[in-house]
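Enquirer: Protein chains in written order, with my numbering: chain A, 1 to 137; chain B, 1 to 137. Heads up, the beta-carbon is just placed ideally off N, CA and C, and yes, glycines get one too. Note that the coordinates shown come from a computational prediction; the quantities given were computed from them, not determined experimentally.
Protein chains: 2
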Amino acid sequence: MKTENLKIGQLAERAGVSVETIRFYESKGLISPAGRSANGYRLYNELDGARLRFILNAKSVGFTLKEITDLLALRVHADHHTCEDVKQLTHTKMHEIAEKIAQLTAIHNSLQGLHNACCGGPESAENCSILEYLDNK
Amino acid sequence: MKTENLKIGQLAERAGVSVETIRFYESKGLISPAGRSANGYRLYNELDGARLRFILNAKSVGFTLKEITDLLALRVHADHHTCEDVKQLTHTKMHEIAEKIAQLTAIHNSLQGLHNACCGGPESAENCSILEYLDNK
DNA sequence: CTTGACCCTATAGCTTACTTTAGGGTTTAT
DNA sequence: ATAAACCCTAAAGTAAGCTATAGGGTCAAG
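1) Do B/V61 and A/L111 have their beta-carbon atoms positioned less than 9 Å apart in this structure?
2) Which bits of chain A does B/K87 rub up against, with CB to CB less than 9 Å?
3) Please determine, among B/G16, B/K93, B/L52, B/N45, the residue with the shortest C-alpha to C-alpha distance to B/R36.
4) Got a sec, what are the start and stop residues for the alpha helix (DSSP H) A/E126 sits in?
5) Hey, A/K87 and B/C83 are a contact pair by Cβ (cut 8 Å); roughly how many whole angstroms apart?
6) Classify B/D79: buried if its beta carbon has 16 or more other beta carbons within 10 angstroms, exposed otherwise.
7) According to DSSP, simplified to helix, strand and coil, what is B/T64?
8) If you count every other CB in all the chains shown that lies within 10 Å of the CB of A/K66, and 16 or more means buried, which is it?
9) Select from A/L56, A/R53, A/T69, A/R23 the residue whose C-alpha is nearest the C-alpha of A/L43.
10) So with CB distances below 7 Å, who are the chain B contacts of A/K100?
11) Starting from B/R14, find everything on chain A with Cβ-Cβ shorter than 8 Å and list it in chain order.
12) In three-state terms, what does DSSP make of B/L56?
13) Looking only at DSSP bridge pairs, what is A/G35 linked to?
14) Do A/N136 and B/D135 have their C-beta atoms closer together than 9 Å?
15) The alpha helix (DSSP H) that contains B/N5, what's its start and end?
16) With 8 Å as the limit, tell me which residues of the segment 54-71 of chain A have their beta carbon closer than that to any beta carbon of chain B; keep them in chain order.
17) Tell me the DSSP bridge mates of A/T148?
18) Where does B/K28 sit, in a helix, a strand or coil, going by DSSP?
19) Since B/I31 meets chain A, which of its residues come closer than 8 Å, beta carbon to beta carbon?
20) Indicate whether at least one CB of chain A lies closer than 9 Å to the CB of B/A34.
21) Are any of the Cβ atoms in chain A nearer than 9 Å to that of B/T21?
22) Applying the 10 Å Cβ sphere with the 16-neighbour rule, what's the burial state of A/K28?
23) A/D79 touches chain B at which residues, Cβ-Cβ below 9 Å?
24) Name the chain A residues whose beta carbon is nearer than 7 Å to that of B/I107?
25) Anything in chain A within Cβ reach of B/D48, meaning under 8 Å, just list it in chain order.
26) Rounded C-beta distance between A/A34 and A/D48? I'm assuming under 8 Å.
27) Starting from the beta carbon of A/L111, find every residue of chain B whose beta carbon is closer than 8 Å, and list them in chain order.
28) Is B/G16 helix, strand or coil by DSSP?
29) Is A/K87 helix, strand or coil when you go by DSSP?
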């Protein structure tokens with residue numbers, strides 16, 4: 001069983017992120033290299049790679065780095081936690097995202113209303129219904 | 001015609017923002033007091049109040065301070081601009097918001113999928129489908 | 001033996017919209 | 001006369017997630 005040792009640039013390329021990003025994640029405690037070479041270079045193994053992919057996947061579904069820290073703890077000590085614990089985190093996050101969507105939808109509707117009311121023509125904007133709305137709302 | 005002169009604290013209270021926020025907006029060139037009292041206090045009149053409300057209304061429909069700067073220019077020099085100019089800004093903003101909503105909706109759907117797949121029970125998280133997804137996606 | 005492509009650390013900068021802090025005058029009421 | 005409640009400026013701090021810069025080792029190729 002031969003452990004592959006990747007330098008940071010190789011890991012970065014495979015993961016599709018910059019080396020600075022990996023070092024940044026390390027500074028935030030999200031990931032750290034399995035070891036260091038004699039000259040001080042970071043060396044990563046497959047477990048590290050999997051962990052980085054986990055981080056990026058979690059990010060892609062909307063988790064913040066802080067939340068990913070929690071998820072990583074659950075992942076590493078999965079035997080000490082339940083599915084309920086994990087599901088709770090996704091549930092909370094879903095609610096947050098649903099709220100953001102609701103907010104943005106409300107804003108979008110407001111703008112749509114303004115947009116529909118405005119003639120949008122080459123007339124002077126002195127009586128523009130959008131500006132008036134923003135004045136008097 | 002008597003001009004009311006409000007000190008910053010009074011304007012802030014009426015508008016429902018902090019005095020620091022008003023000074024911050026001033027530093028960004030969004031608003032400035034009609035004058036100053038002998039002792040250097042900022043004094044605001046009704047026009048300033050209207051301008052501040054305009055700013056807050058524009059913010060509430062999703063415009064950034066930078067964009068509000070543009071809207072204020074249109075508002076102040078409405079006679080030099082057309083409804084088309086104004087409508088263009090809201091149109092662009094609507095597209096941006098629609099895109100954000102689409103992104104968040106996609107993320108929400110992903111989470112929903114994870115959420116549905118997870119038993120959420122008191123079982124050990126060692127085989128939790130959510131963690132597995134985040135590993136293997 | 002030097003050039004280029006890597007690697008290292010530490011620190012600063014970016015974006016947005018504020019908030020906080022530090023240090024000091026002013027006004028109002030008691 | 002003093003304390004509370006305002007006002008002022010200037011600068012630093014906050015959140016999130018990086019990106020960039022400075023200054024300096026390491027390594028393989030030609």
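Expert: Inspection of the coordinates gives the following:
1) yes
2) L114, H115, C118, C119, G120, G121, C128, I130
3) B/N45
4) First-last for A/E126: undefined, no H or E at that position.
5) At roughly 51 Å, the Cβ-Cβ gap does not stay under 8 Å, so A/K87 and B/C83 are not in contact.
6) exposed
7) coil
8) exposed
9) A/R23
10) L104
11) Per Cβ cutoff of 8 Å: no residues; B/R14 is ~15 Å from chain A at best.
12) helix
13) A/L43
14) no
15) Counting along the chain, B/N5 falls outside any alpha helix (DSSP H), and DSSP gives it neither H nor E.
16) F54, N57, A58, S60, V61, G62, L71
17) This structure cannot speak to residue 148 of chain A, because chain A is shown only from 1 to 137.
18) coil
19) Under the 8 Å cutoff, chain A gives no residues; its nearest Cβ is about 14 Å from B/I31.
20) no
21) no
22) exposed
23) S124, A125, E126
24) V61, G62, I97
25) The contacting residues do not exist; B/D48 stays about 13 Å from chain A at best.
26) 6 Å
27) V61, G62, T90, K93, M94, I97
28) coil
29) helix
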